[in-house]
Structures are given as structure tokens and as C-alpha cells.
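In the UniProt record's numbering, the protein residues as written are 1 to 406.
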């Protein structure tokens, strides 16, 4: 007699199968059908296919993991197919000035039930911040007219908070449900960059003013925890790592090498010691990004020592902690030396590329081109990653156009 596998053994074997194979296994007999429907099998299948599910909460509502898998797979198929009948386009108006920035304020969770809600906030040159319900295509609330145009905002979905800043450096916090003001803080000069930091030890706000000073503030109180001069008298831009353990500070319109700060000392500063930072040994940097699956891996495009070639350098960051101090080790990996290419489209070559294969400069410098068929410059288009449906937003002056998958 052939050996019969029990339910636990079958579940272990089925854990190596993909969705199509599980559906076939369910047709063999009653036992295989029951095992193939196990919720844990489909949960692991979802986590394998959609890695961000590991970092962001999944709200199933009345669904099982199997139902969630098929709902999301169907949604992805509709996005890829691009059939007009699968999309709904809504133009939402209300601002009287140009929309300068928007942010998703819905919780960053994956759900496919009737409670799903997609909400964005926008700031405009008309000196207001507004919240919009994308499902209904309506304005939820609008702030009173502020003293100066609003130019930037960041969101804390779990706190139901959005933080804005105007051209004069006035920072305000707003309740995303009601539009009421929570707190405010005034910078000595205008703001050059602002980043939300949902750190494991709590939520904080990182702000850089036009004079090059970096501020760490509590949220939602907007009280200053620490301030440090990064590039004196030079506007800087900020970029946090995916795990919020690092922040890259780059001087705008400068050939100075960017700096990397370890965020923990910024959030809990010492009275007798500056926060741990390291200056990257590169000049004339142009773009940078954090590797999505590697929390401490930074990739920077910059000119080489000759100032001729555009190259890509990858840095692996590590914080060495001792009893009384923290130091940063930034190990860089440089592409191999190569000859000058006089072509006007010549760009950086990756280390693994053959000698004749080059990455074009246009592909490196343009992080997100404008979508076909949508007017406006590339920076006017936003793909939001929150709520229950992927949306493509196009800011056309005072009008917010939302293309949503149904």
C-alpha cells in the first residue's frame, strides 16, 4: 500500500507551490482540497509575492488570505492590461492656486473591503491645505487661508496628522479627519526640505532650513528636540532610509560631499556630543536613492575625480556602537576605471556591464518620466502608495486629476 501523507505533511509540501498549483491540487480529492484551502498557505503565498506586506499591515476585513490573493491579483491584471473600462477618471477642483504638493493620509495598509478609503491632502499657492476623498471625488475639508503660500507637506497616517510648511518657514500640524490645527513652529528662515520619520522609538519630524540647519521635532507637538548645522548658509535636501535609521543630507547647488546622519542620536541627543555623521567621499553628486530591500544601502550618482564621467557609487552604512559613542562606517563600491566617451548621451557604466554596454545618462537622471497621455511636466505626476487602490494623480494647476483602478 502506498504511503499516505497526513494533513501536516501535505501542508508542508504545498507550501512550496504557487497559486496555480494549489488550485490543481485542490481537485485531487477531499483531503487535498481541504489542505490547499488552509489560510496559512495563502498567507505565505501573499508574503512571497508581495514583499511589502511584511512591512505594512494587511487588513483582511471579512476576507480570507485566499480571497485577498485573488482580489489583488485581479487588480494588478487590470492595471497591466490598461483597458479603459477598468479605470475611473475624476477631476477634483477646489484650490484657486497651483497645487504644489500632495501626500496620502490614508493608513498604509492593504485591504479590499467596503471599509477601504483613499484620502490625500494637498497644499497650494492659494495658502490653504485641503483633504480629498478620492473614492467620492469630493473635498473633505479646507483650512483657513494662511499668511503665506504653502509649499510642502508630509503625512503621518497612523496619527491622523499632516504637517505643512509655507514660504516663510511656518510649520503647522493638522488633524486629517477634521482639519483642525494641532500645533505650529516658526523657522528662522524658509524651509528647504522636510521629512516624516516614523522611527521605531516614535514619530518625529526632520526639517532643514535655508541656512543649512537640521531640526528634529516631536510629533504632534512640534517641539524642537535637537538642531545641528549641516552645511552652513547652504540650503539642503533630506532623504530618510526606508527603516528611518539614516538620513542623507545633501547641499543643494554645491560640490560638497553629502553627509549621512544616524537618526537615533538626533532623536535622543547628548549634551556633550554631536550626533554621529559621516561625509561621503564624493563630489558633484546629482541624485541618490536608498535600495528598497536593503535598509542601509545608499546609491549615489556623481561625477568622478576628473569631472567628466557620471558614475554610480553604492555605500553600505554601518553604525558602530560603543558604550559612550556611535561612529559610522560608510564603505563604498566604485565602478571600474574606463575611457572617456565623447557621445553626448554617455552615462555611467555599472560594474557588471560589458565594456560596450553603457547606462545612458537620461535613464539615471530621470527617476520618473511623465505618463503617456497625461499633460504637464514630469514633476506634476504622482503615483500614490496608500489606501486600497493604486492611483495616478496629475496636478494641473488648481485641479487634481485622479485615475483610479476599479
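For every residue, glycine included, the Cβ atom is placed at its ideal position computed from N, Cα and C.
Taking 7 Å as the cut-off, the Cβ atoms of residue 96 and residue 133 do not count as close. Considering only 137, 282, 105 and 202, the residue with the shortest C-alpha distance to residue 268 is 202. The segment 218-227 and the segment 236-256 do not touch, with fewer than 3 CB-CB distances between them shorter than 8 Å. Rounded to the nearest whole angstrom, the C-alpha separation of residue 25 and residue 32 is 6 Å. In its chain, beyond the 5 residues on either side, 151, 152, 165, 169, 171, 207, 208, 209 and 210 have a beta carbon closer than 8 Å to the beta carbon of residue 191. Remark: C-beta atoms of residue 244 and residue 289 do not approach each other more closely than 7 Å.
Residue 185 counts as buried, since at least 16 other C-beta atoms from the protein chains shown sit within 10 angstroms of its C-beta. Secondary structure of residue 254 (DSSP, three-state): coil. With respect to residue 94, residue 141 sits apart: the two C-beta atoms are not nearer than 7 Å. If you look at residue 48, you'll find it in the alpha helix (DSSP H) that goes 39-49.
If you look at residue 9, you'll find it in the alpha helix (DSSP H) that goes 7-14. In the three-state DSSP reduction, residue 234 falls in the coil class, being neither helix nor strand. When DSSP states are grouped into helix, strand and coil, residue 126 belongs to the coil group.
Counting along the chain, no beta strand (DSSP E) covers residue 222, and no H or E run does either.
Taking 7 Å as the cut-off, the Cβ atoms of residue 316 and residue 287 do not count as close. Annotation: the continuous alpha helix (DSSP H) that includes residue 74 extends over 65-81. Excluding five sequence positions before and after residue 15, the CB atoms of its chain that fall closer than 8 Å to its own CB belong to 41 and 44, given in chain order. For the 7 Å CB-CB criterion, residue 234 and residue 214 do not form a contact. Excluding five sequence positions before and after residue 7, the CB atoms of its chain that fall closer than 8 Å to its own CB belong to 31, 34 and 35, given in chain order.
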